[in-house]
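*Asks:* Once you've had a glance at the structure underneath, I'll fire off some questions.
Residue numbers (my numbering): -16 to 499.
In structure tokens, the structure reads:
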């Protein structure tokens, strides 16, 4: 690498803007090409962790102090100039490495320096008013827009921490998160967490409903340039282009990762000591294969780490869904889990062969994110290799609008013994009950010959039945399953009317060691 370019890349990661980058082309494609070149240069030089030194007063502050630092809404960027406005997060607590923010306004680009006047230091944070916080930097930012009401600008998109971003649609509350990239998740040697180091925010026009954001990502294994094109509406769409440049080999590259929480719910094989029937940010993994098959995989809080892979070639889409939108299913007035968003990933080009990987991690607290899902390409990323991935990240509620087949509304399971049986079977004999609703299925009469097709990887099943429930809209498939020893049972089931599919495919892996 040319020594001047290497120096520029090193200074950038250290949080210093060298003169060579002082006056870039303000046009969006031009700036994105410059960020791309920065990522390419970074990947061709050794990784340097960014400087994490904060002003002494911010070192080791606790949660109570940090939550008492509040951004002044009247200081929001572009307030009263556009439908979008930007509020900033203070550094400190868990956020020890500030990001670098650039604004592109009226054809000019400039760095946004830290200003303590943007913040209020209340209650436990009051002593910070007397401290010199220059150089503290920002931990991230959030976008506001009149999403729900014309007279109020709602927070709807947040970038804060590593490569995390959180977004929601109309009448939704924050739940699951997206990430820019996942590297070696659930691997024996540990996960690597790439981080966005710098952002470029493009000022939108006064009536614009779209905003563009660029980001520079860096990590020991690779660097990347990202373009986020954010579209607002009832549901929020973010078109993402990720240009990746590898420093070293990456064995497991996780594209478009989603992170969520599942503590307990209708599929749990044991009762929870909780007044709430269900506690989760997401209920299941939804996938549409390249062949058009819709697959629903209920989530679980396992006894030990579980990894499930759904193989495909250039899938049509995948995501995590919170299907149950009924308050009575959660009974939680504080968390309001029925309002949590669902997220859907739509590839915008050919991703080739690979698999959607679902990681489920044991957890005893709803404060822990224990669910991760992402796309893993079949070919690992090699050192000095570059790749580009384009996809759309969308919010939705219970169902995808393009899904017309009946979908799973709940999965229940329990001991397969008959009540009062004098010689009951072992508890490993399980009864599964899967209820479907929607599409043509919900218009069928009870006399229609709806049948279930069931496949299992091992073990035995019996007493497969299909019934219409009393509500007239929901159809139930039920069966008993006996595992083969301790071997997991990978099960797939869908409903048919003669030779026509009526439902998505229910897919679940039962591990006999989940019994407690």
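Ideal placement from N, C-alpha and C gives every residue a C-beta, glycine not left out.
For the alpha helix (DSSP H) that residue 418 lies in, which residues bound it at each end?
*Replies:* On the chain shown, residue 418 is found 435 positions in, with the first residue counted as 1. From DSSP, residue 418 is part of no alpha helix (DSSP H) but of the beta strand (DSSP E) over 413 to 420.
*Asks:* Does the beta-carbon of residue 477 have 16 or more other beta-carbons within 10 angstroms, so that it is buried, or is it exposed?
*Replies:* Locating residue 477 in the chain shown gives position 494, counting from the first residue. By the neighbour-count rule (16 or more Cβ atoms within 10 Å), residue 477 is buried.
*Asks:* Cα separation between residue 424 and residue 30?
*Replies:* Against the chain shown, residue 424 aligns to sequence position 441. Against the chain shown, residue 30 aligns to sequence position 47. Looking at the two C-alpha atoms, the distance is approximately 56 Å.
*Asks:* For a test of the three-state rule: what should DSSP assign to residue 19, helix, strand or coil?
*Replies:* As a working mapping, residue 19 is identified with position 36 in the chain shown. The answer is helix: DSSP assigns residue 19 an H, G or I state.
*Asks:* Just to confirm before moving on: does the CB-CB distance between residue 467 and residue 440 stay below 7 Å?
*Replies:* Walking along the chain shown from the start, residue 467 turns up at place 484. Walking along the chain shown from the start, residue 440 turns up at place 457. Not closer than 7 Å, so no.
*Asks:* Short check: CB of residue 221 to CB of residue 213, under 7 Å?
*Replies:* Here residue 221 refers to the residue found at position 238 when the chain shown is read from its first residue. Here residue 213 refers to the residue found at position 230 when the chain shown is read from its first residue. Taking 7 Å as the Cβ cut-off, residue 221 and residue 213 qualify as a contacting pair.
*Asks:* Whole angstroms is fine: what's the gap from residue 332's alpha carbon to residue 406's?
*Replies:* Along the chain shown, one-based indexing puts residue 332 at 349. Along the chain shown, one-based indexing puts residue 406 at 423. Distance between the alpha carbons of residue 332 and residue 406: 58 Å.
*Asks:* Is it right to say residue 330 is buried, meaning 16 or more other beta carbons lie within 10 angstroms of its own, or is it exposed?
*Replies:* Here residue 330 refers to the residue found at position 347 when the chain shown is read from its first residue. With 16 or more Cβ atoms within 10 Å of its Cβ, residue 330 is classed as buried.
*Asks:* At 4 residues or longer, what runs of the alpha helix (DSSP H) sit wholly inside the region 33 to 96?
*Replies:* Entirely contained in the region 33 to 96, the alpha helix (DSSP H) runs reaching 4 residues are, in chain order, 46 to 50.
*Asks:* Between residue 49 and residue 178, what straight-line distance do the alpha-carbon atoms span, to the nearest angstrom?
*Replies:* As a first step, residue 49 is located in the chain shown; it is residue number 66 there, counting from the start. As a first step, residue 178 is located in the chain shown; it is residue number 195 there, counting from the start. The alpha-carbon atoms of residue 49 and residue 178 are separated by roughly 21 Å.
*Asks:* Quick one: is residue 294 buried, meaning 16 or more other Cβ sit within 10 Å of its Cβ, or exposed?
*Replies:* If you number the chain shown from 1, residue 294 lands on position 311. Result: exposed.
*Asks:* Any idea what DSSP makes of residue 401, helix, strand or coil?
*Replies:* In the chain shown, the residue the question calls residue 401 occupies position 418. Residue 401 falls in the coil class under three-state DSSP.
*Asks:* With 16 other CB atoms within 10 Å as the buried threshold, where does residue 90 fall?
*Replies:* Sequence index remark: in the chain shown, residue 90 carries index 107 (1-based). Residue 90 comes out exposed.
*Asks:* With distances taken from CA atoms, which of 429, 160, 386, 496 is nearest residue 484?
*Replies:* Along the chain shown, one-based indexing puts residue 484 at 501. Of 429, 160, 386, 496, the residue nearest in Cα terms is 386.
*Asks:* Tell me whether the beta-carbon of residue 206 lies closer than 7 Å to the beta-carbon of residue 374.
*Replies:* As a first step, residue 206 must be located in the chain shown, where it is residue number 223. As a first step, residue 374 must be located in the chain shown, where it is residue number 391. Their beta carbons are not under 7 Å apart, which means residue 206 does not touch residue 374 by this criterion.
*Asks:* Along the beta strand (DSSP E) that carries residue 277, what are the first and last residues, could you check?
*Replies:* The residue you call residue 277 lines up with position 294 of the chain shown. Here the beta strand (DSSP E) through residue 277 covers 277 to 281.
*Asks:* Can you look up residue 153 in the DSSP assignment and give me helix, strand or coil?
*Replies:* Mapped onto the chain shown, residue 153 falls at position 170. Here residue 153 sits in coil by DSSP.
*Asks:* What are the start and end residues of each continuous beta strand (DSSP E) run of 3 or more residues lying completely inside the region 108 to 196, in chain order?
*Replies:* Here the runs fully enclosed are 121 to 132, 135 to 143, 147 to 150, 160 to 162, 178 to 185.
*Asks:* Going by DSSP, name the residue or residues bridged to residue 101.
*Replies:* As a position in the chain shown, residue 101 is number 118, starting the count at 1. Per DSSP, none; premise fails for residue 101.
*Asks:* Counting C-beta neighbours from all protein chains within 10 Å, is the total for residue 306 16 or more, i.e. buried, or is it exposed?
*Replies:* Counting from one through the chain shown, the residue named residue 306 turns up at place 323. Answer is buried; the Cβ neighbour count reaches 16.
*Asks:* Excluding the five sequence neighbours on either side, which residues of its own chain have a C-beta within less than 6 Å of the C-beta of residue 487, listed in chain order?
*Replies:* In the chain shown, the residue the question calls residue 487 occupies position 504. Around residue 487: 277, 279, 388, 390.
*Asks:* Considering only the alpha carbon of each residue, which of 315, 68, 338, 303 lies closest to residue 324?
*Replies:* Position 341 of the chain shown holds residue 324. Here the closest residue by C-alpha is 303.
*Asks:* How many angstroms separate the CA atom of residue 401 from the CA atom of residue 495?
*Replies:* Looking up residue 401 in the chain shown gives position 418. Looking up residue 495 in the chain shown gives position 512. Computed Cα separation, rounded: 19 Å.
*Asks:* For the beta strand (DSSP E) that contains residue 241, what are its first and last residues?
*Replies:* The residue labelled residue 241 in the question sits at position 258 within the chain shown. Taken as a continuous stretch (DSSP letters only), the beta strand (DSSP E) holding residue 241 covers 236 to 243.
*Asks:* Do you know how far the Cα of residue 243 is from the Cα of residue 501?
*Replies:* The structure shown does not extend to residue 501, since the chain is modelled only from -16 to 499, so the question has no answer here.
*Asks:* When we look at the beta-carbon of residue 201 and count the other beta-carbons within 10 Å, is it buried (16 or more) or exposed?
*Replies:* Within the chain shown, residue 201 is the residue found at index 218, counting from 1. Per the 10 Å Cβ criterion, buried.
*Asks:* Identify every run of the beta strand (DSSP E) within the region 331 to 390, keeping only runs that are complete inside it and at least 3 residues long; order them along the chain.
*Replies:* Those beta strand (DSSP E) runs which fall completely within the region 331 to 390 and span 3+ residues are 336 to 343, 354 to 360, 369 to 379.
*Asks:* Whose C-alpha, out of 68, 46, 17, 76, is nearest the C-alpha of residue 38?
*Replies:* Indexing the chain shown from 1 puts residue 38 at position 55. Nearest of 68, 46, 17, 76 to residue 38, Cα basis: 76.
*Asks:* Please classify residue 30: does DSSP put it in a helix, a strand, or coil?
*Replies:* For the purposes of this step, residue 30 is taken as residue 47 along the chain shown, with counting starting at 1. Coil at residue 30, not helix or strand.
*Asks:* Inspect the CB distances between the region 102 to 112 and the region 132 to 145 and report whether three or more fall short of 8 Å.
*Replies:* Counting Cβ pairs under 8 Å, fewer than three are found: no touch.
*Asks:* Out of 312, 124, 417, state which residue places its alpha-carbon closest to the alpha-carbon of residue 451.
*Replies:* On the chain shown, position 468 is the one that residue 451 refers to. Residue 417 is the option with its Cα nearest to residue 451.
*Asks:* Is the beta carbon of residue 434 closer than 7 Å to that of residue 479?
*Replies:* One-based indexing of the chain shown puts residue 479 at position 496. One-based indexing of the chain shown puts residue 434 at position 451. Yes, the Cβ-Cβ distance between residue 479 and residue 434 is below 7 Å.
*Asks:* Please state whether DSSP places residue 297 in a helix, a strand or coil.
*Replies:* As a working mapping, residue 297 is identified with position 314 in the chain shown. Coil.
*Asks:* Can you check DSSP and say which residues form a bridge with residue 203?
*Replies:* Numbered from 1 along the chain shown, position 220 holds the residue referred to as residue 203. DSSP lists no partner for residue 203.
*Asks:* Is residue 443 near residue 414, with beta carbons less than 7 Å apart?
*Replies:* Position 460 of the chain shown, counted from the first residue, corresponds to residue 443. Position 431 of the chain shown, counted from the first residue, corresponds to residue 414. No, the Cβ-Cβ distance between residue 443 and residue 414 is not below 7 Å.
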